[in-house]
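Engineer: Numbering (the UniProt record's numbering), first residue to last: 1 to 464.
1) Take residue 44 and list the residues in its own chain whose beta-carbon comes closer than 6 Å to its own, dropping the five residues that flank it on each side.
2) Which of helix, strand or coil does DSSP assign to residue 316?
3) By DSSP's criteria, residue 234 is part of a beta bridge. Which residues make up the other side?
4) Any idea what DSSP makes of residue 47, helix, strand or coil?
5) Buried or exposed: where does residue 218 fall if 16 or more other Cβ atoms within 10 Å of its Cβ makes it buried?
6) Could you check whether residue 135 and residue 70 sit closer than 8 Å to each other, using their CB atoms as the reference points?
7) Would you report the Cα separation of residue 282 and residue 330, rounded to the nearest angstrom?
8) Taking three-plus beta-carbon pairs below 8 Å as touching, is the region 79-88 in contact with the region 155-174?
9) Compute the Euclidean distance between the alpha carbons of residue 488 and residue 333, then round it to the nearest angstrom.
10) Could you pull the start and end residues of the beta strand (DSSP E) that residue 59 belongs to?
11) Which residue or residues does DSSP assign as beta-bridge partners of residue 150?
12) What residues match up with residue 294 in a beta bridge as DSSP calls it?
13) Find the nearest neighbour of residue 172 within the set 223, 132, 210, 297, judged by alpha-carbon distance.
14) Could you spell out the range, first to last residue, of the beta strand (DSSP E) harbouring residue 198?
15) Using the beta-carbon count (16 or more within 10 Å), is residue 131 buried or exposed?
16) Cutting at 6 Å between CB atoms, please list the residues of its own chain near residue 225, excluding the five before and the five after it.
17) Decide if residue 305 is buried, meaning its Cβ has at least 16 other Cβ atoms within 10 Å, or exposed.
18) State the Cα-Cα distance for the pair residue 316 and residue 328, rounded to the nearest angstrom.
19) By DSSP, does residue 325 sit in helix, in strand, or in coil?
20) Do you know offhand how far residue 200's Cα is from residue 156's?
21) What does DSSP give as the partner residues of residue 101 in its beta bridges?
22) Excluding the 5 residues preceding and the 5 following residue 215 in the sequence, name in chain order all residues of the same chain whose CB lies nearer than 8 Å to its CB.
23) Could you tell me if residue 189 is buried or exposed, where buried requires 16 or more neighbouring beta carbons within 10 angstroms of its beta carbon?
24) In chain order, what residues of the same chain have a beta carbon less than 7 Å from the beta carbon of residue 543, not counting five sequence neighbours either side?
25) Within the same chain, show all residues whose beta-carbon is closer than 6 Å to that of residue 76, passing over the 5 residues directly before and after it, in chain order.
26) Where does residue 439 fall in DSSP's three states?
27) How would you label residue 152, buried or exposed, when you count the other beta carbons within 10 angstroms and need 16 or more for buried?
28) Under a Cβ-count criterion, where at least 16 other Cβ atoms within 10 Å of its own Cβ denotes burial, should residue 102 be classed as buried or exposed?
29) How many angstroms separate the CA atom of residue 203 from the CA atom of residue 255?
30) Using a 10 Å radius around the Cβ and a threshold of 16 neighbouring Cβ atoms, would you call residue 207 buried or exposed?
31) Report all residues from its chain with a CB closer than 8 Å to the CB of residue 80; omit the five preceding and five following residues, and keep chain order.
32) Look at the Cβ atom of residue 271, then the Cβ atom of residue 310, and state whether they are nearer than 8 Å.
33) Can you look up residue 265 in the DSSP assignment and give me helix, strand or coil?
34) Which of the three DSSP states is assigned to residue 168 in this structure?
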């Protein structure tokens, strides 16, 4: 209080006006302090049906100058009138005038300073405002009010609605949270093409019932599909979750299996199976034959037809008819009897085929690579020289060059050089050969020591 007075003083400069304001503020604050709440109670409380709750009340008298004469608890329902439910007088004792709270309300302390009460076996209708009111002297009545909120856990459930497959949207599942407070919220998971509606109903005791219906256009494929109802409400620790499986009924759809196109004369114990998809289950299954009554070689056991021995009597068309409460459906198959057994060659496994192909590709690759390397090797070993030789010299050229021994060897493609001594020896040998043989010496010429430019560097032919 005095801190607020200092704040006001700091805002205003020193003047007569400021003194006037200080006096006014002090009077207001003192008045508020005198009229402050003297009855201490709980502001708000929450409780559940069948449980109990304590309503606290205490009188605060700082100066001890207030005389307490009587205390009363007054109940004001949500939509009703105020009524006393408990009274305490230090001389006359306790009193409980409201029959609705008879035997359910007691004082916790036999005292005016602390007249707290306990209410047992609570009902939803007990929700409302509870006022602890003192009759005092000399200030008059003093009071404090507690608001009691009643909560209710809903009774949750989810059910499936059996329907027939069709073309219109119908209710296939229901979910409800009954008599909860506050109202619950309902969701459906997962929403696979359907939709839902919501409705609420208020009860006389303040509870709320919430209902939700899940709708869709039912098909045979929806039978057995699972949807989940999820209910969330304040009184629950976690959402309530409950899955349901849809139930869609439909007439049968029929197929026949077992025929392998190899019914040859004399074959035994061949089987046909009549397979039906229906909800509910088929009530009757009937086998018939287009050529007439079933022969003695044919046996029927429900959806199973067995031919004990194949002959021309089963060269016909078989029909299987299935019924349930929603209708009937049939399927037929023509069986052809052949004279001899057809040999069916089984194809190799797919893995083996793929492995063989890959192996063949690897072998072909190896062969191609080997041929390529062999061919390359021959080209490198037998091909023309990798360097170009000098051009040949023409005979009779006017331009001559003297070649030394090394140069002559180089021009001869690396052959040994031609020396004069060797030439003379060749001449002598040719002369001797003229006498020892009948060869014409004119045909034998010694190669020139010097090779003129343009002449051939290859030695002429020599006859011996």
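Ideal placement from N, C-alpha and C gives every residue a C-beta, glycine not left out. Predicted model, so just to flag it, every value in this text is computed and none were measured.
Structural biologist: In brief:
1) 147
2) coil
3) DSSP lists no partner for residue 234.
4) strand
5) buried
6) yes
7) 12 Å
8) no
9) Look at the range of the chain in this structure, 1 to 464, and you will see that residue 488 is not part of it.
10) 57-59
11) 47
12) Partner(s): none; residue 294 has no beta bridge.
13) 223
14) 195-202
15) buried
16) 246
17) buried
18) 23 Å
19) coil
20) 14 Å
21) None; residue 101 has no bridge partner.
22) 169, 170, 171, 172, 194, 195, 196, 197
23) exposed
24) An answer regarding residue 543 cannot be provided, because it is not within the stretch 1 to 464 covered by the chain.
25) 82, 128, 129
26) In this predicted model, residue 439 has a pLDDT of only 35, less than 50, meaning its place in the structure is not dependable enough to derive any value.
27) buried
28) exposed
29) 55 Å
30) buried
31) 128
32) no
33) coil
34) coil
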